[in-house]
Each structure stands twice: as C-alpha cells, then as structure tokens.
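Participant: Residues in the sequence shown are numbered consecutively from 6, following the numbering used here.
Note that beta-carbon positions come from the ideal geometry of N, C-alpha and C, so glycine has one too.
Note that this is a predicted model, so its numbers are computed, not measured.
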Amino acid sequence: MMVFGQEPIPGMDEISAPVKQRAWRLKIVNGPKAGSTVDLAEAVQIAGRNDPPDIVVEIDLTDAELGEPPMMSRRHAELEVVDGHVQIRDLGSTNGTFLNGEKLTPLETHVIESDGVRLRFANLELEVTCAGD
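1) Residues in its own chain within less than 6 Å of Trp147 by CB, not counting five upstream and five downstream?
2) Under 8 Å Cβ to Cβ from Asp120, same chain only, skipping five residues before and after it: list those, please.
3) What does DSSP give as the partner residue(s) for Arg125 in the beta ladder?
4) Expressed to the nearest angstrom, what Euclidean distance is found between the alpha-carbon atoms of Asn128 and Glu83?
5) Roughly how many angstroms separate the alpha carbons of Glu73 and Thr67, rounded to a whole number?
6) With a threshold of 16 other CB atoms inside 10 Å of the CB of Gly97, please say whether the residue is buried or exposed.
7) Going by DSSP, which residues form a beta bridge with Arg94?
8) Out of Arg80, Gly101 and Ala69, state which residue places its alpha-carbon closest to the alpha-carbon of Asp34.
9) Could you check what DSSP says for Asp68 in three-state terms: helix, strand or coil?
10) Where does Arg54 sit, in a helix, a strand or coil, going by DSSP?
11) With DSSP collapsed to three states, give me the class of Asp120.
In structure tokens:
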C-alpha cells in the first residue's frame with residue numbers, strides 16, 4: 006500500500022531529493038537562565054542585549070546576563086544557519102566571543118558543524134545543539 010507523501014518522486018534521484026533540515030539551538034549553560042534554549046534561523050540573527058528604542062536584537066540575552074555591570078555587548082555576535090551549519094561572527098564586542106575556549110577575531114566568520122560546541126559571550130556560556138541529523 007502506498008501512502009501519499011511517502012512514495013518516491015518520479016524522476017528524482019537521491020542527490021536531488023529533499024534533505025532533512027537540522028534544527029540548531031543555543032542552550033544557555035550558566036547564569037539565571039541556565040537550561041533555556043534559543044532557536045537559530047536561516048537568517049542573520051544578532052545576539053546581545055536589547056536597549057530599546059535604539060538597539061533591538063533578535064537573540065536577546067539581557068535576562069541571562071551574569072551580574073552588574075553587564076559584560077555582554079548590546080550587539081555582541083551574529084549567528085546564521087547556512088547550508089546546514091551555523092556561522093558565527095563576533096561584532097567587535099568589548100569582552101569577546103569564544104568558540105571552545107578560543108577567542109574569535111572580530112568580524113571573522115567561523116563555521117560550527119557539530120553538536121556540543123561551546124560558545125562564550127563575555128561571561129555567558131552557551132552550547133550549540135542540533136537535532137535532525
């Protein structure tokens with residue numbers, strides 16, 4: 006018995022068949038929002054601290070911030086899912102963006118291809134997680 010939507014598409018080989026998308030997330034590791042997750046999108050998302058009305062970011066980590074004064078920049082880093090991988094770029098933040106303990110060069114794009122990679126925005130630790138492999 007054939008089920009609608011599950012039979013092969015005539016004329017499509019495996020190479021051109023639809024690819025299952027990977028769902029990338031950031032999991033907050035420390036601070037008041039530890040355990041919370043943020044979904045990443047196939048669009049540029051700025052991570053940092055909202056400071057309305059002038060600065061509004063897509064990934065607002067204001068409530069996850071550790072202590073006073075804030076250490077994370079308002080426009081700290083840029084993240085985007087491209088071709089099934091996460092791209093990250095430090096936006097010249099004051100206290101740095103770290104990938105598995107290594108400080109990123111500002112404005113240089115780095116690609117994250119695997120689950121479990123650790124990020125740090127100033128003193129806030131995050132883990133990159135992926136579902137759908």
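Facilitator: According to the data block:
1) The displayed coordinates of the chain run from 6 to 138. Any statement about residue 147 would go beyond what the structure contains.
2) Correct list, in chain order: Val133, Thr134, Cys135 and Asp138.
3) In the DSSP assignment, Arg125 forms a beta bridge with Phe103 and Glu130.
4) Spanning the two alpha carbons is a distance of roughly 17 Å.
5) Distance between the alpha carbons of Glu73 and Thr67: 11 Å.
6) It is exposed - the Cβ of Gly97 has fewer than 16 other Cβ atoms within 10 Å.
7) Per DSSP, Glu83 and Thr114.
8) Checking the sequence shown, residue 34 turns out to be Val, not Asp. For the residues Arg80, Gly101 and Ala69, the minimum Cα distance to Val34 belongs to Ala69.
9) Residue state for Asp68 is assigned as helix, using DSSP reduced to three classes.
10) If DSSP states are grouped into helix, strand and coil, Arg54 belongs with coil.
11) If DSSP states are grouped into helix, strand and coil, Asp120 belongs with coil.
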